[in-house]
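Our numbering puts the first residue of the sequence shown at 710, with every later residue one more than the last. Don't be surprised by glycine CBs; every beta carbon is placed ideally from N, CA and C.
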Amino acid sequence: MTADEREQRARDALAEFTSAGTYGDLISETAEEDGVFTLLFAATMGGYPGWHWTVSLAEVPGSEPTVLETELMPGEGALLAPDWVPWSERLEEYRAAQAAAGEPDESVSAEPDADDDDDIELDDDHGDDPDDGIDFEGADLLASESDDSDLLALGEDEQHEPEPEPDDAGPEPPAAATGKNRRQKKQ
710 MTADEREQRA
720 RDALAEFTSA
730 GTYGDLISET
740 AEEDGVFTLL
750 FAATMGGYPG
760 WHWTVSLAEV
770 PGSEPTVLET
780 ELMPGEGALL
790 APDWVPWSER
800 LEEYRAAQAA
810 AGEPDESVSA
820 EPDADDDDDI
830 ELDDDHGDDP
840 DDGIDFEGAD
850 LLASESDDSD
860 LLALGEDEQH
870 EPEPEPDDAG
880 PEPPAAATGK
890 NRRQKKQ
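Here is the structure:
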């Protein structure tokens, strides 16, 4: 089998489980022992810089070439984070790209706009917002000592029954039936 035929067979193997847009040019072809060839293709997917597709083919005399393995593998340095670039340099590059594109630079403003204060909503009603379903003023009323007229103002769904006073003795066990009581019931 020629090198072009091996490349085409490897591309066909890749096309079986990934789209044609995820792999690119042939990077290398290596002849391993016992008629095994490993072909590397560039990975063209976003988010995978430095990765490559690996296809292993076996050529055994007297039989058709066979695909042994197809996988996506990281290349040299693909799993390492890029070198750190200070923010000032990244911002400078961003501004240059914006200027080249003809867009105004709105990334950093030296002076705040006069309109900026209008966009800020202050929540000074202590959470008593009809849209959020929380009534803190009503909750304070329940917590404080109040008369029944205050509770009527809250509405029926917000009224709560007072909890019973705790009994120091604890709950009473059920009355045990004695033999005497059983005999009286039978008679």
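- Three or more pairs of CB atoms, one per stretch, sit closer than 8 angstroms, so the region 776-791 contacts the region 749-767.
- Every unbroken stretch of the beta strand (DSSP E) spanning 3 or more residues and falling wholly within the region 765-808 is given here in chain order: 775-783.
- Ranking F746, A740, R804 by CA distance to the CA of W796 puts R804 first.
- Here the C-alpha atom of D713 lies approximately 42 angstroms from the C-alpha atom of W793.
- W762 is the residue among F746, M710, W762 whose C-alpha sits nearest the C-alpha of A724.
- Assigned with DSSP and collapsed to three states, E725 falls in coil, not helix or strand.
- Sorting S737, I736, T739, Y732 by C-alpha distance to the C-alpha of G755 places Y732 at the top.
- E738 sits in a strand when the DSSP states are folded into three classes.
- For the set A809, W760, E741, the Cα lying nearest the Cα of L789 is the one of W760.
- By alpha-carbon distance to G730, the top candidate from R720, T739, Q807, M710 is R720.
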